[in-house]
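Structure first, commentary second.
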């Protein structure tokens with residue numbers, strides 16, 4: 001299993017995905033916030049990092065690769081997820097499509113590969129550098145942290161204040177989050 005996510009020129013990424021000897025390369029553009037959409041779709045499949053009323057078994061998102069559009073569908077089956085990717089050659093999701101990738105993989109292995117790739121991405125560009133390279137969109141730091149915490153502890157640490165009240169507040173521990181990032185850098 002291999003996954004890499006690299007920034008290319010301003011507003012373009014190169015993504016490579018290989019599972020069970022099936023490989024496909026993508027070049028999403030700034031017309032979609034590719035990395036954020038991908039990580040958010042992955043998050044909602046993981047009960048340990050998602051609110052109970054937001055957990056999903058199936059999620060999808062699309063990447064604009066100009067002129068093609070790639071629609072990803074992630075389906076969780078216990079500890080396995082199925083990745084199915086459709087390509088619309090003309091970029092219109094109601095046009096002619098073809099399945100270009102369809103593989104099952106262990107969820108934790110996939111998350112490890114994603115986190116590893118994102119760590120390399122951050123080392124190369126930094127947080128501010130990422131924003132400048134990816135056409136003014138922020139690096140999805142909170143999603144990255146939640147996936148790292150999931151791998152480390154199988155949970156995320158959130159403290160709730162004013163529980164059972166209308167104005168509930170949530171807080172994470174910024175010091176431990178910085179330590180987690182430092183540990184991976």
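Numbering (my numbering), first residue to last: 1 to 185.
A virtual CB, placed ideally from N, CA and C, is assigned to each residue, including glycine.
Spatial neighbours of residue i in its chain, beta-carbon cut-off 7 Å, leaving aside the 5 residues before and after
i, result
"residue 123", "185"
"residue 141", "127"
"residue 203", "Outside the displayed range of the chain (1 to 185) lies residue 203, so it cannot be described from this structure."
"residue 59", "41, 44, 45, 74"
"residue 109", "1"
Where the alpha helix (DSSP H) through residue i begins and ends
i, result
"residue 56", "Premise fails: residue 56 is in no alpha helix (DSSP H) and is neither H nor E."
"residue 174", "174-184"
"residue 144", "141-153"
"residue 198", "The first residue shown for the chain is 1 and the last is 185, placing residue 198 beyond what the model contains."
Beta bridge counterpart(s) of residue i as assigned by DSSP
i, result
"residue 125", "Answer is none; residue 125 lacks a bridge partner."
"residue 24", "17"
"residue 82", "75, 104"
"residue 63", "70"
Contact set for residue i: own chain, Cβ-Cβ below 6 Å, skip 5 residues either direction
i, result
"residue 114", "3"
Residue nearest to residue i in terms of C-alpha spacing, selected from the options
i, options, result
"residue 77", "39, 156, 145, 103", "103"
"residue 63", "13, 145, 132", "13"
"residue 46", "1, 154, 177, 86", "154"
"residue 75", "17, 107, 30, 7", "107"
"residue 90", "72, 105, 68, 79", "68"
Between the CA atoms of residue j and residue i - distance to the nearest angstrom
i, j, result
"residue 157", "residue 96", "44 Å"
"residue 43", "residue 149", "12 Å"
"residue 65", "residue 125", "22 Å"
"residue 36", "residue 61", "10 Å"
"residue 31", "residue 175", "34 Å"
Continuous beta strand (DSSP E) stretch holding residue i: start and end
i, result
"residue 104", "97-106"
"residue 163", "First-last for residue 163: undefined, no H or E at that position."
"residue 7", "2-7"
"residue 170", "169-171"
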